[in-house]
Amino acid sequence: MSIMLKVLNLRIDREPENDLAFLQQSIQEHGLLFPILVDHTDTVVDGVRRVEACKRLGIEDIPAIRVNGMIQ
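Be aware that the sequence shown starts at 1321, since it is given in our numbering, and climbs by one per residue.
The structure is reproduced here in structure tokens:
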């Protein structure tokens, strides 16, 4: 099942671009080892950088776990 993810507070700028490139390379070589976390509205609550790296790699299906009761 595909869902449209919502990403709030995109903070990939907090780390250098080469760090995101390193994450992309890791995902290419090993796959996405840890699923992202989304809340009941499909907003990403953990894994924003993984989502961005997957987007840049053209990966559309990203493993996710829906969590309930998260307080932001």
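C-beta atoms are modelled at their ideal positions from N, C-alpha and C, and glycine is treated no differently.
Classify R1386 as buried or exposed, calling it buried when 16 or more other Cβ atoms lie within 10 Å of its own Cβ. To locate residue 1386, count along the sequence shown from 1; it is residue 66. R1386 comes out exposed.
Cutoff 8 Å; reference I1332; Cβ partners in own chain excluding five residues on either side: Numbered from 1 along the sequence shown, position 12 holds the residue referred to as residue 1332. Bear in mind that the predicted position of I1332 carries a pLDDT of just 49, short of 50, making it unreliable; the figure below should be weighed with that in mind. The residues are L1340, V1368, R1369 and E1372.
Can you tell me where the alpha helix (DSSP H) with V1368 in it begins and where it stops? By 1-based counting over the sequence shown, the position of residue 1368 is 48. For V1368, the enclosing alpha helix (DSSP H) stretches over residues V1368 to L1377.
If the criterion is Cβ atoms closer than 9 Å, does the pair N1388 and D1359 meet it? Counted from its first residue, the sequence shown places residue 1388 at position 68. Counted from its first residue, the sequence shown places residue 1359 at position 39. Cβ atoms of N1388 and D1359: closer than 9 Å.
Just how far apart, CA to CA, sit G1351 and T1363? Within the sequence shown, residue 1351 is the residue found at index 31, counting from 1. Within the sequence shown, residue 1363 is the residue found at index 43, counting from 1. Computed Cα separation, rounded: 22 Å.
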